[in-house]
Amino acid sequence: MRNAFGEFTTGVTLVTTVGADGKAIGMTANSFSSVSLEPPMILWCIDKGSDRLSTFEESEHFAINVLAANHQDLSNRFAKKGEPFMDGVAHEIWETGCPVIADAVAIFDCDVAARHDAGDHIIYVGLVRRFGRSDNPEGPLVFHKGGYKSVS
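For the record, in the sequence shown the residue sitting at position 48 is 35 according to the numbering used here, with numbers rising by one throughout.
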């Protein structure tokens, strides 16, 4: 099944939040989608086995950073277990307090609107409080068949 899912080309995001301890964390995710324009809502999914799930569960906010092609290192860093912290990563803080990557191709700063149990994942639905785009000339980072690809 994983190979069949891999046929679907996706964008790559860095989802960030701040835990109850005040520490900012991030994780790479490609399970991102728009839900509604009015009100503006998005969704993303997290594996129930993720070492970062508890931090996302204790927060009522998250930010989606749609990564650019020059962000492969960020994607790789936050895809690994045990390296969730934003230390050393250039970022800004928007309304919700979640870190955002200024040169991400798109950013969505969200309140948690709902969490849904779905098999081995939790679906997070976010109400977008603020969004933005950058003029990053690299274009989006995409993932297909288990690897990064370029859009040309």
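A virtual CB, placed ideally from N, CA and C, is assigned to each residue, including glycine. Bear in mind that the values here come from a model prediction, so they are computed numbers and not experimental data.
Check                                                                                                                                                  : Outcome
Quick check: what's the CA-CA separation for VAL1 versus MET(-12)?                                                                                     : Here residue 1 turns out to be Leu, not Val, going by the sequence shown. Taking the straight line joining both Cα atoms gives about 24 angstroms.
What does ASP34 pair with, by DSSP beta-bridge criteria?                                                                                               : HIS108
In its own chain, which residues sit with a C-beta less than 7 angstroms from the C-beta of THR4, not counting the 5 before and 5 after it?            : ILE12, THR42, PHE43, SER46, HIS48, PHE49 and CYS85
When you compare only the Cα positions, how much space is there between GLY(-2) and ASP8?                                                              : 30 angstroms
Between the Cα of HIS103 and those of ASN123, PHE(-8), ILE33 and GLU25, spot the shortest distance and give me the residue it belongs to.              : ILE33
Which residue's Cα is closest to the Cα of PHE19: VAL112, ALA77, PHE65 and PHE(-8)?                                                                    : VAL112
If I follow the unbroken beta strand (DSSP E) through ALA7, where does it start and stop?                                                              : First-last for ALA7: undefined, no H or E at that position.
Shortest alpha-carbon distance to GLY133 belongs to which of ASN17, LEU40 and GLY69?                                                                   : ASN17
Where does HIS48 sit, in a helix, a strand or coil, going by DSSP?                                                                                     : strand
Starting from the Cα of PRO27, find the closest Cα among PHE130, SER137 and PHE118 and give me that residue.                                           : PHE118
Give the C-beta separation of SER62 and LEU128 to the nearest angstrom, bearing in mind that I take them to be a contact with Cβ-Cβ under 8 angstroms. : 6 angstroms
Taking buried to mean at least 16 other C-beta atoms within 10 Å of its own C-beta, is THR15 buried or exposed?                                        : buried
Rounded to a whole number of angstroms, what is the C-alpha to C-alpha distance between MET73 and ARG116?                                              : 22 angstroms
In chain order, what are the residue ranges of uninterrupted alpha helix (DSSP H) at least 4 long that sit wholly in the region 54 to 100?             : 59 to 66
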